[in-house]
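Contents: one structure, followed by commentary.
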Amino acid sequence: INPRIYQIWTDNNLQRSTTGENRFHNVFSMFSILFIAGNVLVLPLIVKLFVQNESYYAVFQDLPVLCAAFAFRMIANIFYNPLMYFKKTGALPRAFAWSSLVQFVSCIVLLQFFGLWGAVWSFFISKIAVVFFTWLEGRKIFEFKINPYKMILLPVVYAILVTALNFTIGTDNYFLMASLQLAAAIILTLLVFRKDLGSYKLLLQRS
Numbered sequence: 161i162n163p164r165i166y167q168i169w170t171d172n173n174l175q176r177s178t179t180g181e182n183r184f185h186n187v188f189s190m191f192s193i194l195f196i197a198g199n200v201l202v203l204p205l206i207v208k209l210f211v212q213n214e215s216y217y218a219v220f221q222d223l224p225v226l227c228a229a230f231a232f233r234m235i236a237n238i239f240y241n242p243l244m245y246f247k248k249t250g251a252l253p254r255a256f257a258w259s260s261l262v263q264f265v266s267c268i269v270l271l272q273f274f275g276l277w278g279a280v281w282s283f284f285i286s287k288i289a290v291v292f293f294t295w296l297e298g299r300k301i302f303e304f305k306i307n308p309y310k311m312i313l314l315p316v317v318y319a320i321l322v323t324a325l326n327f328t329i330g331t332d333n334y335f336l337m338a339s340l341q342l343a344a345a346i347i348l349t350l351l352v353f354r355k356d357l358g359s360y361k362l363l364l365q366r367s
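All residue numbers for the sequence shown refer to my numbering, where the first residue is 161 and numbers rise by one.
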């Protein structure tokens, strides 16, 4: 989606968000949520097809939280796009450097208390940090006007939902949990984007 967004900015000499640009972000957000939710369910099935040693299956307990962390990737994409487009070569590395520092410190602290599970949560926290620091840098050069429900609240709610299901149902009933989170992701995206599906279909056809 980024080349199309950059073309919109180039054609209109813009330094602020537009409705056309936001439609691309919305489509990316919608499909990303469904893709992540699908991975939570499907990846363990694929692993079991090729890996017979059940000792490796212990990683499944970490998979939902690791996948949910990528829900913040679509939010970060909104904020670091201007840094890429306007070639702010110092801002982007600075944002990622601060995010890496957050991950490093949180990993050291959480590992002490929670072991490997702490490293998983450190990864989750680092994805949130990327959103925060790219927003700090991006707002200096770009005016963001976005739909908070579609672009921010949906990924956040999904990430919280997956994490909550992982804790309440647990990995003893992994595929029940994974099926529920996929169903919830489908329902959430339909509720949030139900009025826009027709226009998004046309947008994809034109792309």
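All C-beta atoms, glycine included, are put in the ideal place defined by N, C-alpha and C.
Rounded straight-line distance, which links the Cα of residue j to that of residue i
i: Arg-164; j: Asn-186; result: 13 Å
i: Asp-222; j: Leu-325; result: 13 Å
i: Ile-168; j: Ala-319; result: 30 Å
i: Ser-177; j: Phe-302; result: 8 Å
i: Trp-281; j: Gln-175; result: 35 Å
i: Pro-380; j: Thr-294; result: Summary: the structure shown does not reach residue 380, with the chain confined to residues 161 through 367, and so no result is reported for it.
i: Phe-220; j: Thr-170; result: 44 Å
i: Met-190; j: Asn-162; result: 16 Å
i: Ser-192; j: Lys-310; result: 12 Å
i: Leu-271; j: Gln-263; result: 11 Å
i: Val-202; j: Gly-278; result: 25 Å
i: Phe-239; j: Ser-259; result: 14 Å
i: Thr-179; j: Ile-235; result: 16 Å
i: Tyr-245; j: Leu-314; result: 26 Å
i: Val-211; j: Phe-283; result: 25 Å
Reduced DSSP category for residue i - H, G, I as helix; E, B as strand; rest coil
i: Arg-354; result: coil
i: Arg-183; result: helix
i: Arg-176; result: strand
i: Asp-171; result: helix
i: Asn-213; result: coil
i: Ile-329; result: coil
Exposure label - residue i; buried when at least 16 CB within 10 Å
i: Ala-343; result: exposed
i: Phe-232; result: buried
i: Val-265; result: exposed
i: Thr-328; result: exposed
i: Leu-205; result: exposed
i: Arg-354; result: exposed
i: Leu-243; result: buried
i: Val-200; result: buried
i: Glu-297; result: buried
Among the options, nearest to residue i - alpha-carbon criterion
i: Asp-332; options: Tyr-217, Cys-227 and Ile-312; result: Tyr-217
i: Ala-289; options: Cys-227, Leu-203, Tyr-166 and Ala-257; result: Ala-257
i: Val-317; options: Met-337, Phe-353 and Leu-348; result: Leu-348
i: Leu-340; options: Val-322, Phe-273, Phe-184 and Val-352; result: Val-322
i: Phe-292; options: Leu-252, Asn-307 and Gly-330; result: Leu-252
i: Asn-307; options: Cys-227, Asn-213, Asn-173 and Arg-183; result: Arg-183
**alpha helix (DSSP H) runs contained entirely in the region 245 to 323, provided each spans 4 or more residues** = 251 to 274 and 276 to 298
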